[in-house]
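Asker: In this text, residue positions in the sequence shown follow the working numbering: the first is 160, and each later residue adds one. Below: one structure in structure tokens.
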Amino acid sequence: EGADLILTDVAPKGTHILAAKPAGQWGGLPAVAAEVEALGRRTMTALLDIRVAERIDAVVADALATFGRIDILVNNAAAPPGADRVPIVELSEEAWDAVLDTNLKGTFLVSRAVARAMLRTGTRGRIVNIASDRAKVGTVSLAAYCASKFGIVGLTQCLAMELAPSGVTVNAVCPGGVDSERLDYLGRREDGSYDEAARAEEIRRRGAMNPMGRLTSPEDVAELVAFLASDGAHYITGQAINVSGGSVMH
């Protein structure tokens with residue numbers, strides 16, 4: 160859902176779009192490609208495992224062959240909630256690795272491949288990493304997730320410093336809890352049925368705890384990503400910007 164909005168919001172301001180999501184995680188790329196093409200842009204889609212450097216390098220090479228350069232990278236892939244959502248003393252190595260390999264290693268591998276391409280083509284590009292407000296504050300039973308998002312902010316700052324002389328900016332967006340499909344688990348019952356009212360009530364309850372009275376929307380995130388990818392943000396780099404309605408203020 161987030162990628163869909165980011166793609167369609169950025170498209171009118173850019174040239175062409177390459178959309179990539181983890182293999183087996185999402186089946187909506189053709190629909191997104193159709194939306195972007197309806198805006199008059201060419202698209203190229205790829206299903207890949209962002210934990211595998213060779214596959215990433217191949218997709219980047221295909222993108223360069225198709226479009227000539229890469230102007231904007233948005234790192235938006237993330238491991239789904241799962242066995243990692245437990246206290247640290249109960250957290251398995253496998254669950255830890257699953258989150259860190261996707262969220263942090265994946266962001267590193269894709270950023271490295273695209274940064275190399277930007278430098279090679281002399282592109283003064285934009286890299287935007289989707290982190291989280293949990294990149295600013297730890298939370299019980301979210302150790303792997305928080306560690307991965309804290310790591311993304313550190314990676315963002317390092318890469319921003321290294322690429323600044325070439326005119327490439329690197330920033331992180333730190334959303335609060337986003338009312339999207341990733342929260343659909345809130346309505347699942349133990350018997351396998353689904354309770355939409357229960358999901359809505361939990362969303363309302365969580366939103367009421369926010370200073371602005373609601374959860375973050377996908378549109379909130381997309382608007383900031385579109386700005387950071389624009390020429391208007393050419394002098395902003397190395398920042399981790401909250402989009403959380405004030406739930407985190409540093």
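All C-beta atoms in this analysis are idealised placements derived from N, C-alpha and C, irrespective of residue type, glycine included.
Once the 5 residues before and after Tyr304 are set aside, which same chain residues still bring their CB inside 7 angstroms of it?
Answerer: Cβ within range, chain order: Asp243, Val258, Arg293.
Asker: For Ala182, which residues of its own chain have a beta-carbon under 7 angstroms away from its beta-carbon, when the five flanking residues on both sides are left out?
Answerer: At Ala182 the pLDDT is 49, less than 50, meaning the model places this residue with poor confidence and gives no usable figure here.
Asker: Taking only the alpha-carbon atoms, compute the straight-line gap between Gly391 and Gly326 and give it to the nearest angstrom.
Answerer: If you take the alpha carbons of Gly391 and Gly326, they lie about 13 angstroms apart.
Asker: Please work out which residues of its chain come closer than 7 angstroms, Cβ to Cβ, to Trp185, disregarding the five sequence neighbours upstream and downstream, and give them in chain order.
Answerer: Note that Trp185 scores a pLDDT of 48, beneath 50, so its modelled location is shaky; the value from the coordinates is reported in the next line. Same-chain partners within the cutoff: there are none.
Asker: Determine the contact status of Thr328 and Arg364, defining contact as a CB-CB distance below 7 angstroms.
Answerer: Not in contact: Thr328 and Arg364 (Cβ atoms no closer than 7 angstroms).
Asker: Checking the sheet assignment: what are the DSSP bridge partners for Cys333?
Answerer: Paired residues: Asn401.
Asker: Classify Asp350: buried if its beta carbon has 16 or more other beta carbons within 10 angstroms, exposed otherwise.
Answerer: Flag for Asp350 reads exposed.
Asker: For Leu383, count neighbouring Cβ atoms within 10 angstroms of its own Cβ and tell me buried if that reaches 16, exposed if not.
Answerer: That one is buried.
Asker: Can you tell me the Cα-Cα spacing of Glu378 and Thr396, whole angstroms?
Answerer: Each residue's Cα considered, the two are about 22 angstroms apart.
Asker: Give me, in chain order, the residues of the same chain whose beta-carbon lies closer than 6 angstroms to that of Ala237; leave out the 5 immediate sequence neighbours on both sides.
Answerer: The answer, listed in chain order, is Asn262.
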